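**Q** Can you read through this structure? Questions will come right after.
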Amino acid sequence: MPMTSFSVSRGILTATATALTLGLGAAAPARAQFIEGPYIAGAIGMNYLDDAKFRLDGRLNQSMTALGQPNGGQLGFDYGGVGLLSLGWGFSNGIRLEIEGSYRSNEVDSANGAAGLASPGGHGGRQDSYGLMGNALVDLVRIGPFLPYVGLGAGYLVTSFNDLTGRPGNGTLRLRADDTGGAFAFQGIVGLGLQISQVPGLTLTAEYRYLESLGPSIPVSYVNAAGATVLSGKADTESRNQSFLVGLRYAFNAPAAAPAAVAAPVAARSFLVFFDWNRADLTARARQIIVEAAEAARAQPTRIELAGHADRTGTPQYNLALSRRRADTVAEELVRRGIARQDITITALGETQPLVATADGVREPQNRRVEIILK
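Sequential numbering of the sequence shown, starting at 210, is according to the working numbering.
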């Protein structure tokens with residue numbers, strides 16, 4: 210692995226550790242922001258496996274030295290795939306603990322060093338790794354639907370060389386590795402979650418992970434042109450992975466989505482404006498009531514309905530027209546007080562809906578009115 214790339218990866222890991230330490234010590238924000246209780250998460254993505262150096266040990270080392278062959282080499286890999294599954298628990302304060310299982314696979318695309326690996330066609334196979342990690346993560350401050358998080362993990366990584374071999378030819382010894390070894394591993398995690406509001410508890414995740422193991426020892430052998438094993442032993446290897454993943458996380462105890470707010474019906478308010486007998490002009494008291502109605506309408510924009518009434522003196526036709534004139538008068542005054550005319554509707558009811566029931570021809574002040582209704 211180039212020194213610059215390795216330094217950057219270690220820098221990211223150090224920054225993740227710092228952020229995790231600060232997050233663990235920080236006071237937790239509001240409870241509703243974070244996961245509480247069990248959750249499950251899965252992700253897939255692309256894995257970049259750094260070039261792996263291998264060093265032959267013991268008898269293999271001595272034999273290669275005696276044969277004038279290098280006692281180690283380096284393998285390069287294509288971009289590969291990664292998948293992982295996690296089971297975790299959130300503590301409602303942003304801290305999460307989880308157990309993670311992972312799988313990574315990368316094909317060998319170059320090799321150099323020991324016993325002809327650099328010759329054309331002298332390399333092949335793939336490296337697989339299976340990890341079991343324990344992770345500690347901290348969800349940071351929520352930004353709208355987004356929630357960034359950081360984490361550290363430690364565990365065990367099993368590295369497998371699958372049919373890592375070359376074609377025998379020209380009597381040259383070739384290195385062969387088709388076995389498995391395991392070692393302690395650690396990782397740093399930087400991620401961003403996007404809450405899916407339509408499904409409570411569901412989050413879309415995007416992550417970067419740096420995973421490194423401490424050099425498993427892999428059984429290896431040297432074969433001749435006939436495919437017979439000439440030497441066997443072990444090689445100490447390295448495994449440094451950089452993974453970019455997208456996934457989903459589901460929290461089982463997420464609160465149900467709040468129902469959409471429904472506006473409560475606004476109670477209608479009404480004001481009564483009374484008139485003198487057989488008159489449609491406004492008294493001083495009537496003007497005062499209309500001012501109060503206009504102020505109430507401006508405080509909470511609403512629809513205004515005016516219902517004109519009359520008592521039972523006069524004919525029904527005359528009283529219907531009189532009630533209309535009274536409603537028109539009130540409408541004009543409301544407009545003068547700043548109410549838009551298009552917000553006002555008028556209904557003339559004549560003598561059909563009295564406040565006080567009377568015989569025909571009786572003058573009743575309560576029935577000579579316009580009712581202002583704010584809806």
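We put the beta carbon where it would ideally sit given N, CA and C, even for glycine. Please read all numbers here as calculations on a predicted model, not as lab measurements.
Under a Cβ-count criterion, where at least 16 other Cβ atoms within 10 Å of its own Cβ denotes burial, should Lys-443 be classed as buried or exposed?
**A** Per the 10 Å Cβ criterion, buried.
**Q** Decide if Arg-499 is buried, meaning its Cβ has at least 16 other Cβ atoms within 10 Å, or exposed.
**A** Inspection of the sequence shows that residue 499 is occupied by Ile rather than by Arg. Buried, by the Cβ-count rule.
**Q** Which residue comes first and which comes last in the beta strand (DSSP E) that contains Val-565?
**A** Run containing Val-565: none; DSSP gives neither H nor E here.
**Q** Residues in the same chain with beta-carbon distance under 6 Å from Glu-309, minus the five sequence neighbours each way, listed in chain order, please.
**A** Counting only Cβ-Cβ distances below 6 Å, and skipping sequence neighbours, we find Leu-293, Ser-295, Met-342, Asn-344.
**Q** Under the DSSP definition of a beta bridge, which residues are partnered with Ile-249?
**A** Per DSSP, Leu-296, Tyr-459.
**Q** Does the stretch 445–457 come close enough to the stretch 539–546 to have 3 or more Cβ pairs within less than 8 Å?
**A** No: fewer than three Cβ pairs fall under 8 Å.
**Q** Starting from Glu-501, trace the alpha helix (DSSP H) in both directions and tell me its first and last residue.
**A** Glu-501 -> alpha helix (DSSP H) spans 493–508.
**Q** Could you pull out every residue in the same chain whose Cβ sits closer than 7 Å to the Cβ of Gly-370, ignoring the five residues on either side in sequence?
**A** The identity of residue 370 in the sequence shown is Phe, whereas the question assumes Gly. Gly-334, Gln-336, Ala-386, Asp-387, Asp-388, Ile-427.
**Q** Mind checking Val-291: buried by the 16 CB within 10 Å criterion, or exposed?
**A** By the neighbour-count rule (16 or more Cβ atoms within 10 Å), Val-291 is buried.
**Q** Assuming Tyr-527 is part of the alpha helix (DSSP H), what are its boundary residues?
**A** Start and end: 525–545.
**Q** Quick check on this structure: which residue in His-332, Ala-508, Leu-558 has the alpha carbon closest to the alpha carbon of Pro-525?
**A** Nearest C-alpha to Pro-525: Leu-558.
**Q** Could you check what DSSP says for Ala-418 in three-state terms: helix, strand or coil?
**A** Looking at the sequence provided, one finds Arg at residue 418 rather than Ala. The answer is strand: DSSP assigns Arg-418 an E or B state.
**Q** Could you pull the DSSP bridge partners for Asn-371 from this structure?
**A** In the DSSP output, where bridge partners are listed per residue, Asn-371 has Arg-335.
**Q** Relative to the alpha-carbon of Ile-548, which residue among Ile-513, Leu-356, Leu-564, Val-579 has its alpha-carbon at the smallest distance?
**A** Ranking Ile-513, Leu-356, Leu-564, Val-579 by Cα distance to Ile-548 puts Ile-513 first.
**Q** Using only alpha-carbon positions, find the residue among Ala-437, Gly-410, Leu-515 that is nearest to Pro-354.
**A** Closest by alpha carbon: Gly-410.
**Q** Hey, how far is the Cα of Gly-325 from the Cα of Gly-289?
**A** Note that Gly-325 scores a pLDDT of 49, beneath 50, so its modelled location is shaky and nothing firm can be said.
**Q** Just to confirm, is the Cβ distance from Val-367 to Ser-338 under 8 Å?
**A** Yes. Within cutoff.
**Q** Look up Pro-574 in the DSSP assignment and say whether it is helix, strand or coil.
**A** Correct three-state label for Pro-574: helix.
**Q** With DSSP run on the structure shown, which of helix, strand or coil describes Gln-451?
**A** Residue state, collapsed to three classes: strand.
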